[in-house]
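Engineer:
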């Protein structure tokens, strides 16, 4: 009976056979995409992808949003969870569990991508008898997965700089990945995105939720726009080139700004690459569930947001409020603040009513209907990771920063298109562009969309004493902090697990 | 007329028995046998003499006209002090080479005992039994000589009548042992050191507990036994929170106008509202004896237990049948044991305990209107619907949530033991066993309940089945080689055990039967163990004993290249008493030295396929939208293909002694357990695997300790006997390695999640420290000894307070644990008690830290919460979760039980006995929380252990 020791799972599939069935490819692809949204295999919680942190906190998007927004003037969070308050105080260390969760998510996602790419080479496909349209599909999938890996490596390079580097050539197992430099990683992300350009489906031609050429171009635009920070070398011309490609692909601005953040924003013509959620089929306590519930508190009515209750956590600082001449939103419709019972000043970060609340994300459709989850827990709203307005502003910024291939007139036209939508008329139009204005306009247009930390760093204002906000540096009025904070630390757990790694300076 | 009576007292095997008591019945006149077993006593001619000796059946002999009376005292089979059950057989206690402790029914803890492990709590050195709380049917954490694993299971292997049982719970039954009726148990034997346990190889690292159920005896008449126990239990302590008046005063002095307006007008003690007096009925009837020459025992029992937390309830019906026919001229002995249990439980939501402590005491239980079932709930001011952030009404949580289960379990085996006709020294033993269980449960919450108002309640079900099979076969050869004064015993066997666990998938449905999420993927898993084992005992001159065991275990949980593990052991014992220099000692009756060494393993990692590269399907609620459809996901799982056994090497030295004619006997053991290749969950180097933490073999752990067990009979007369048992254990555990590559500055692995915030932990595994050491900031105090909020010792003096400033201090593991039992018999009365204590165990008071700040009362989310009274002394504004202020010394001494018994009627054919027992009479401790004995050491939402009074009647005839 010694043979009985070869027990096989009843419902799971072994890696040896999973790729023999063509029907499985899209399911594995879906997992890679879902890696950006959900926490594991059992929405909203259960069978988590990564462990060591509360599952709701562990999702990619939630951690990405926190890392990009909480250390900035755009957001404060009132919760006392572990070292979460360190984000806004800018007092994080290499043992911050939320930074570790972000990092672990990045590498989980990269490992998922590597596995798929490794198993779908042309050789492997043909050896498994995958031919014809199935093989063509599989190749498109592979290009998309390479895009997703480039996206996560981009996030790694933006947030952590010098990081472990693994590709499909490293088999799953226990080995110690080598550390790469920020510059090498920059080149890798650039080369990957260019390499898959031809294999990706044409812009706006892929299924909703899947990456196409425009997604890769948008990411290249971001990479080039920030090249000065990443590699000390300006690449604004390249940024203009790729922004123009995206703009030329036929996306249009959503006629109404507010619709970009509602339960049916999947219909928006402005969406280039979303992270999708659904109240019934894509449940998580992270992602958009977090972004709709956490900003609701105080005297806000949860029903107005299509949910059963607020979590009373996230607000904004006066810096963002003051970017608008009128916080009620009557002039600039992008000013979506909730002020009743809220104080503009933040005396105590843990008090929800200190700081204006933001009403941007809702689980209500543009027609006013509640989202599909009848419990009011989980939301249908998708996250606009890449949208046209961002590309307009990147184009404009690259022009102002001296990139060639674009014109100031064109830049002004793009910026004014956003302002006309915001004002409902041309009274908000501008006639000249400055860098300061662009940074402000990015905040007005894109606040709480996960851009702020990168933007402030690019403008030299993230750590500098020249620009402060409430509780920056853990003082009420704000103060400058050490420059090394422009990069997050490599989590201490990985420094211990992988002796090849050297910690970022200053940690 | 007195006569002088002389004689010789022998043991069954003919050995002379010194130190036996001979008493003239009904008098205090008596004597003892000398070293040659002879005695001399002057007694009335018509009197009756009582011959007795510890561990032997006493005998009464009528003197008549004799002057010489020789007596052979037989071993008391029931007490088993002489013969001990060991792995795959039995052994005379005096021939044991390993560290083995047997507790028989007469020494079990008395009172309201609903679970088997409670029978021996505090009775055995080296064994720590901590109940998981006072809920009906809740289980216990059993640790033998500390845990030898970090992430793998630390529970001992439990073997019931030769069937190693599954010690993972089944859904719907919190305690895997809870399905065994304690009344059916005859002995519990604890195998502690590796030389005793290694025969169980891969599952023996945490010790083995052998449970033997009661059996019929051949030739006995049929005896019936009926026992009935009625218990009353009460919660005797409440969490220390503000009274309604104090709370009102606090809100009025520190709250905003809006917060003051939230207060109600009542004075509700919510803790009174959720607790009740618990009642337990435990009735058992058994018949034992021999029917048509066939020994049998049959029993039925019913336990009805109403817990102290309202709505918690357990009804357990159990039955057992055992027959032991002997065939072929006693060459074939068959033992058939069948046990079955049906348990119906209603589980009270233990969240109500914390909710009751911290619910605003100014609010009423009932709102006066019909919304939400009539219960007061905090409402969202704008929607007038239950506030999702606020605490829910604890009484409503209990009353409206119906969480019920029915669990059926049957364990049975048929054991065939054949003594070969042509070679009686050779025995073949075949044991076929099973352990099957099935559970079904439902959770119902009505639509109107505030607990789940938005989703309109719950109407869910679950079920699970477990099918475990066992086949064991061994051959045993025993031979006395008188020519060389030797005895040999050789045993070789094979074992096959298979475990299947299965649960279907059910949809998540609300109380209106609307599907919230459809049924997911069913669950089924299997693992198999195949083993070969052997043992050789060699005895020279009945003085020097050597034992070797070897087990080769194969587990389906590991890959073909790593699945086999070899677990050897060796032990040596020297009966020093038999040596010429001690043989004639009258002080020392027994002295034996034992030395043992062995390797045991661990493979219980929770998952059955941890080495396989697998893809798992996602549930329908974790799909991803691509295009207009939602796509089910397939996820590659992280794995370690080279996963292998965890192995523990144990060294043990022990001394067994018996002094002063058996009035004082005892055992001292010193041990060291070193575990290597720990099955640990550790962070993987980022990017190298399909997960961020993986189960792999890394790390070393050490346990060292000393155990002392003493049994004394300070007084033993015809009228009055006093027996006492004392045991004490010192155990020290330390992590000696945690990483694959040497990392001098590894801070360790954070563990010990607390309630309050998300992801906050207060314990850490670090090399050089005990497991689960507390990891906190050192609180700074002002001149008055008051903690200063947020001010901690900056350990690295860099001006920044961060994780590096936390320090490692103490652990939940006691340094010393002890038990003390005494038994007094005075004529028809008996008084017995058991005291149990731990020294050096620390508890993190999460009740105080989680609700010990003014912030807990005042929030901006439109509700109020009560707080721990500790806030009055600390005045903390915000929660200081990581302050060592909340770490408390939880050493304690507990009066586990006190029993008074009275024999109402006693004759040869029948007896009746009444008992009254009190459990948990007092706990002496400095710990400020409810109970210092908290499994895991983080005190939060603990179901209190009640104080219980039990009246019992036992009739046998």
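Protein chains in written order, with my numbering: chain A, 10 to 516; chain B, 420 to 1376. Note that the Cβ used here is the ideal one computed from N, Cα and C, for glycine as well. Keep in mind that this is a model prediction, so the values were computed, not measured.
#1: Considering just the uninterrupted stretch of the beta strand (DSSP E) at residue 1332/B, what are its terminal residues?
#2: Beta carbon of residue 367/A, beta carbon of residue 226/A: below 8 Å?
#3: For a contact meaning CB atoms closer than 7 Å, what does residue 216/A contact in chain B?
#4: Shortest alpha-carbon distance to residue 1340/B belongs to which of 1309/B, 1255/B, 1320/B, 1333/B?
#5: Specify the secondary structure class of residue 700/B as computed by DSSP and reduced to three states.
#6: Report the partner residues of residue 754/B according to the DSSP bridge assignment.
#7: Applying the criterion that 16 or more other CB atoms from any shown protein chain within 10 Å of the CB defines a buried residue, is residue 135/A buried or exposed?
#8: Closer than 7 Å between beta carbons: that is the criterion. Which residues of the region 1281-1306 of chain B meet it against chain A?
#9: Mapping DSSP to helix, strand and coil, what is residue 428/B?
#10: Is the CB of residue 1163/B under 8 Å away from at least one CB in chain A?
#11: Can you tell me whether DSSP reads residue 1327/B as helix, strand or coil?
#12: Report the residue from 1362/B, 580/B, 1030/B, 1309/B whose alpha carbon sits nearest the alpha carbon of residue 656/B.
#13: Quick check: what's the CA-CA separation for residue 1084/B versus residue 1145/B?
#14: Short of 6 Å in beta carbon distance, which residues of its chain neighbour residue 704/B, apart from the five on each side in sequence? Order them along the chain.
#15: So, is the C-beta of residue 943/B closer than 8 Å to a C-beta in chain A?
#16: Counting C-beta neighbours from all protein chains within 10 Å, is the total for residue 514/A 16 or more, i.e. buried, or is it exposed?
#17: Reducing DSSP to helix, strand and coil, say where residue 869/B ends up.
#18: Would residue 496/B be called buried (16 or more neighbouring beta carbons within 10 Å of its own) or exposed?
#19: In whole angstroms, what separates the C-alpha of residue 463/A from that of residue 307/A?
#20: Under 7 Å Cβ-Cβ, which residues of chain B neighbour residue 287/A?
#21: Please work out which residues of its chain come closer than 6 Å, Cβ to Cβ, to residue 1243/B, disregarding the five sequence neighbours upstream and downstream, and give them in chain order.
#22: Could you compute how far the alpha carbon of residue 534/B sits from the alpha carbon of residue 884/B?
#23: Does the beta carbon of residue 511/A fall short of 7 Å from some heavy atom of the ligand PLP?
#24: Taking residue 563/B as part of the beta strand (DSSP E), name the residues at either end of that continuous run.
#25: Using C-beta distances below 8 Å, list every residue in its chain close to residue 10/A, excluding the 5 sequence neighbours before and after it, in chain order.
#26: In the DSSP assignment, find the unbroken alpha helix (DSSP H) run with residue 99/A in it and report its ends.
#27: Which of the three DSSP states is assigned to residue 74/A in this structure?
#28: Between the Cα of residue 400/A and the Cα atoms of 38/A, 190/A, 69/A, 450/A, which residue gives the shortest distance?
#29: How would you list, in chain order, the residues of chain A whose beta-carbon sits under 8 Å from the beta-carbon of residue 1030/B?
#30: Please confirm if the region 1143-1160 of chain B is in contact with the region 1230-1242 of chain B, defined as three or more CB-CB distances below 8 Å between the two stretches.
#31: Please report the distance separating the alpha-carbon of residue 866/B from that of residue 768/B.
#32: Kindly indicate if chain A contains any beta-carbon less than 8 Å away from that of residue 1274/B.
#33: Check whether the Cβ atoms of residue 384/A and residue 370/A lie closer than 8 Å to each other.
#34: Within 8 Å of any Cβ in chain B, is that where the Cβ of residue 146/A sits?
#35: Near residue 963/B, what residues of its chain come up, given a Cβ to Cβ distance below 7 Å and the 5 sequence neighbours on each side ignored?
#36: Looking only at its own chain, which residues have a Cβ that is under 8 Å from the Cβ of residue 1178/B, when we skip the five neighbours before and after it?
Structural biologist: Per the coordinate set shown:
#1: By 1-based counting over the second chain, the position of residue 1332/B is 913. Segment 1330-1338, the beta strand (DSSP E) holding residue 1332/B.
#2: For this step, residue 367/A is matched to residue 358 along the first chain. For this step, residue 226/A is matched to residue 217 along the first chain. No.
#3: In the first chain, counting from the first residue as 1, residue 216/A sits at position 207. Within 7 Å Cβ-Cβ: 1045, 1046.
#4: As a first step, residue 1340/B must be located in the second chain, where it is residue number 921. With distances taken between Cα atoms, residue 1340/B lies closest to 1255/B.
#5: Taking the first residue of the second chain as position 1, residue 700/B is located at position 281. Looking at residue 700/B - three-state DSSP - the assignment turns out to be strand.
#6: The count along the second chain starts at 1 and reaches residue 754/B at position 335. Answer is 834/B, bridged to residue 754/B.
#7: Your numbering for residue 135/A matches position 126 in the first chain. Residue 135/A comes out exposed.
#8: Correct list: 1297, 1298.
#9: Mapped onto the second chain, residue 428/B falls at position 9. Looking at residue 428/B - three-state DSSP - the assignment turns out to be strand.
#10: Your numbering for residue 1163/B matches position 744 in the second chain. So, not an interface residue.
#11: As a working mapping, residue 1327/B is identified with position 908 in the second chain. It is coil, neither helix nor strand.
#12: Along the second chain, read from residue 1 onward, the residue named residue 656/B stands at position 237. Of 1362/B, 580/B, 1030/B, 1309/B, the residue nearest in Cα terms is 1362/B.
#13: Numbered from 1 along the second chain, position 665 holds the residue referred to as residue 1084/B. Numbered from 1 along the second chain, position 726 holds the residue referred to as residue 1145/B. Approximately 11 Å between the Cα atoms of the pair.
#14: As a working mapping, residue 704/B is identified with position 285 in the second chain. Taken in chain order, the residues that qualify are 645, 719.
#15: Counted from its first residue, the second chain places residue 943/B at position 524. So, interface residue.
#16: Your numbering for residue 514/A matches position 505 in the first chain. The residue is exposed, with fewer than 16 neighbouring Cβ atoms inside 10 Å.
#17: Residue mapping note: residue 869/B aligns to position 450 of the second chain, counting from 1. Taken through DSSP and simplified to helix, strand or coil, residue 869/B comes out as helix.
#18: For the purposes of this step, residue 496/B is identified with residue 77 of the second chain, where counting begins at 1. Unreliable positioning characterises residue 496/B in this predicted model, as indicated by a pLDDT of 49, which lies under 50. The coordinate reading is nonetheless provided below. Taking all protein chains in view, the Cβ of residue 496/B is surrounded by fewer than 16 other Cβ atoms within 10 Å, so the residue is classified as exposed.
#19: Looking up residue 463/A in the first chain gives position 454. Looking up residue 307/A in the first chain gives position 298. The straight-line gap from Cα to Cα measures roughly 30 Å.
#20: Within the first chain, residue 287/A is the residue found at index 278, counting from 1. Within 7 Å Cβ-Cβ: 1044, 1049.
#21: Start at 1 with the first residue of the second chain, and residue 1243/B comes out as number 824. Cβ within range, chain order: 1141, 1250.
#22: Position 115 of the second chain, counted from the start, is the residue given in the question as residue 534/B. Position 465 of the second chain, counted from the start, is the residue given in the question as residue 884/B. Looking at the two C-alpha atoms, the distance is approximately 22 Å.
#23: No copy of the ligand PLP occurs in the structure displayed, which carries no ligand at all.
#24: Position 144 of the second chain, counted from the start, is the residue given in the question as residue 563/B. For residue 563/B, the uninterrupted beta strand (DSSP E) run begins and ends at 559-563, by DSSP.
#25: Numbered from 1 along the first chain, position 1 holds the residue referred to as residue 10/A. Answer for residue 10/A: no residue qualifies.
#26: Counting from one through the first chain, the residue named residue 99/A turns up at place 90. Element bounds for residue 99/A: n/a, residue is neither H nor E.
#27: Counted from its first residue, the first chain places residue 74/A at position 65. Helix, per DSSP.
#28: On the first chain, residue 400/A is found 391 positions in, with the first residue counted as 1. Comparing Cα positions, the closest option is 450/A.
#29: The residue you call residue 1030/B lines up with position 611 of the second chain. Under the 8 Å cutoff, chain A gives no residues; its nearest Cβ is about 11 Å from residue 1030/B.
#30: yes
#31: Taking the first residue of the second chain as 1, we reach residue 866/B at position 447. Taking the first residue of the second chain as 1, we reach residue 768/B at position 349. Using only the alpha carbons, I get a separation of about 17 Å.
#32: The residue you call residue 1274/B lines up with position 855 of the second chain. By this cut-off, residue 1274/B is an interface position.
#33: Working through the first chain from its first residue, we reach residue 384/A at position 375. Working through the first chain from its first residue, we reach residue 370/A at position 361. For residue 384/A and residue 370/A, no; Cβs fall outside 8 Å.
#34: Here residue 146/A corresponds to residue number 137 of the first chain, with the count starting at 1. Cβ-Cβ to chain B under 8 Å: no for residue 146/A.
#35: Position 544 of the second chain holds residue 963/B. Closer than 7 Å at the Cβ level, and outside the excluded window around residue 963/B, lie 993.
#36: The count along the second chain starts at 1 and reaches residue 1178/B at position 759. Result list for residue 1178/B: 1172, in chain order.
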